Amino acid sequence: MRLTNTLSGRVDPLDISRGEVGIYVCGVTPYDVAHVGHAMSLTIYDVLVRYLRWPGNPHGGLRVTFVSNYTDVDDKLIQRGHELERDPLELASANIDAWEREQQALGLLAPDVRPRVTCEIPGIIATIEAIVAAGAAYATPAGDVYFRVRAKPDYGKLSHRNIEDLRSGTRGEPGEGKEFPLDFALWKAAKPGEPAWPSPWGPGRPGWHIECTTMAQRYLGTTFDIHGGGVDLIFPHHENEIAQAEAAADGQTFARLWMHNGMVQRDGEKMSKSVGNVVTVEAALDRWTPDAIRLFVLNSQYRSPNNLTDEAMAAATRGVERLATALAQAPAGAPTGVNPEPYRARFVQAMEDDLATPQALAALFDLARAINRARDAGERVAEAQIALRELAGVLGLSLAESRAEELARLDAGAISRLASQLDVACSGKDAAQTVDALLERRQTARAERDYALADRIREALTGLGVIVEDTAEGPRWSVRRD
RNA sequence: GGCCACGUAGCCAAGUGGUAAGGCAGGGGUCUGCAAAACCCUUAUGCGCGGGUUCGAUUCCCGCCGUGGCCUCCA
């Protein structure tokens, strides 16, 4: 598999010679609820992990250790806690709980490890001590510890800048005991009332970047395979992670490959609080299905910005239905049928080539069309349907929800009332049986050519979210997803 | 202001130095009592604008315009 590597600036092969892959993805700083940008980012790495683990990939499935953190103590969190008059650590914890419920609803795999900064303080202090010992950091009288950027001549190699360019862009930051404007905090001395932990430099908390260095190396080793996150993290966050890790480990490589996903835009504009167009995960789940959100994300290349519009989401919603429809019951047919192998090969080829999910999806849509066509012709499609479900599963698309989940959306009371209006026997205990009874009544009406009644029943059911389709085998119904 | 991406049909979005995947929407048709779903056909002679290189550019180069990212917190 080849992936675009920000560090090298090329599309590099992923080294799978060890048979296992370690992946670290920067998670959120939980000072607020999660938005669709967070969902997009995790969805991309979720698909990468699913694909690498998939037995159908050319390597037969790899062992993957997936780590994604929570930065549950930092300046922003403290500020927000102050505004809301809440304890910042408690605020972080509450936002993490909500976000984890949303991740589950979005069908995101739980990372193998979800470390939190507040549980990793001793390790972070040890990393800082190693950096200080290596001469790449210094403590100030105030109790802060700064990374000495000029001790790292290749600083800037990830974001492809050099120290001089960066310095010229710096707007006169106050000294605070820094030797050099670009030096950044590894440890921040606590002001009164701020969360603090004891350290060799006095009470304080970790700086922003050090936690990821420490947690990634603790769970994945000094050197690991893939480090991911949004493009907005390249500088300074990831640049600084590299600087810290290499300083602490005598120049040993930190992550071999750096992946960065593009940002979500809303109607062509940046999504931000100041514009007032932030779509929270909660709002998105309220409006669109998890599969539709996922299809929207995967329909564009992960590195490109992705424009969230109502029309695009409607298209994604219909697209999911199209794929799901291809999985619908087919009559057992003749021995001829659809061979899914060419589609599977296209899918794999696309995924191997820098996680080209748009092209992988195109293969799935083509397979769906082939299935529908063959089914219309009365051919066997079972193998192809199994393949479609499997490949969709690699992308994390569930497609077919369970019958129980579908039936749970039925408005049993309204259906019961409809049955009594039409004088149809209602078992009173099972809405699905009542729907069946209503459709039997409609079939009778159709047989008697009483189409007015037949249409009335169908329209009434449609109004209740029950979609009726007449097929050669009789009527089929499903519950609309809103 | 500096650095870096991107700009493809009504919408979302792939892609390539030799003539534009896929999805949605639209139009026509098949099927159906009518629908729905599905299937078939169709929808950019054109890939922001202007130059240049080339036998040939949407794909390479230059300029301009627009959007976005980073330079300060951000998936």
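First residue of the first sequence: 34, per my numbering; consecutive thereafter.
Ideal Cβ placement from N, Cα and C applies to all residues, glycine included.
Only a predicted model underlies this, so the values are computations on that prediction, with no experimental measurement involved.
Contact holds between the region 278 to 297 and the region 248 to 267, because three or more Cβ pairs, one in each stretch, are under 8 Å apart.
Under the three-state reduction of DSSP, residue 141 is assigned to coil, being neither helix nor strand. Rounded to the nearest whole angstrom, the CA to CA distance from residue 351 to residue 321 is 11 Å.
Residue 72 sits buried, since 16 or more C-beta atoms from the chains shown fall within 10 Å of its C-beta.
Separation of the CB atoms of residue 219 and residue 164 is rounded to 7 Å, and the pair is thereby assigned contact status at 8 Å.
In the three-state scheme derived from DSSP, where H, G and I count as helix and E and B as strand, residue 109 is classed as helix. For residue 71, the uninterrupted alpha helix (DSSP H) segment begins and ends at 69 to 86. Taking a cut-off of 8 Å for Cβ pairs, the region 409 to 419 and the region 105 to 123 do not touch, as fewer than three such pairs fall below it. With contact defined as three or more Cβ pairs closer than 8 Å, the region 440 to 452 and the region 497 to 513 are in contact. For residue 389, the CB contacts under 6 Å within the same chain, skipping 5 residues up- and downstream, are 383 in chain order. As a beta-bridge residue in DSSP terms, residue 292 pairs with 261.
Here residue 362 is exposed: its Cβ has fewer than 16 other Cβ atoms, across all protein chains shown, within 10 Å. Distance check between residue 212 and each of 323, 177, 256, 403 places 177 closest, using alpha-carbon atoms only. Nearest neighbour of residue 426 by Cα position, chosen from 224, 141, 408, turns out to be 141. In the structure shown, the three-state DSSP call for residue 373 is coil. A straight-line Cα-Cα distance of about 33 Å links residue 428 and residue 464. Note on geometry: alpha-carbon atoms of residue 93 and residue 87 lie some 7 Å from one another. Less than 9 Å divides the Cβ of residue 393 from the Cβ of residue 331.
Cβ-Cβ separation between residue 345 and residue 401: approximately 20 Å, too far for a contact (criterion under 8 Å). Closest in C-alpha terms to residue 124, from the list 137, 107, 136, comes 107. Per DSSP, reduced to three states, the secondary structure at residue 323 is helical. The Cβ-Cβ distance between residue 248 and residue 153 falls below 9 Å.
Per DSSP, the beta bridge partners of residue 302 are 299. Sorting 409, 102, 326 by C-alpha distance to the C-alpha of residue 347 places 326 at the top. Judged by beta-carbon spacing, residue 81 lies beyond the 9 Å limit of residue 49, meaning their Cβ atoms are not closer than that value.
Separation of residue 357 and residue 439 (C-alpha to C-alpha, rounded to the nearest whole angstrom) is 13 Å.
With respect to the 9 Å criterion, residue 278 and residue 170 are not classified as neighbours on the basis of their beta carbons. When C-alpha distances from residue 151 are compared across 145, 144, 122, the shortest belongs to 122. A distance below 6 Å between beta-carbons, with the five flanking residues on each side excluded, links residue 252 to the following residues of its chain, in chain order: 100, 146. Excluding the 5 residues flanking it on each side, residue 452 has same chain C-beta neighbours closer than 7 Å at 459, 467, 470, 471, in chain order. Relative to residue 240, the option among 386, 216, 63 whose CA is nearest is 216. Residue 68 sits away from residue 192, with the two beta carbons spaced by 9 Å or more. Residue range 243 to 253 is occupied by the alpha helix (DSSP H) that includes residue 252. Judged by DSSP in its simplified three-state form, residue 336 adopts coil rather than helix or strand. Linking residue 508 to residue 478 through their CA atoms gives a straight-line distance of about 13 Å. Rounded to whole angstroms, residue 139 and residue 130 show a C-alpha spacing of 14 Å.
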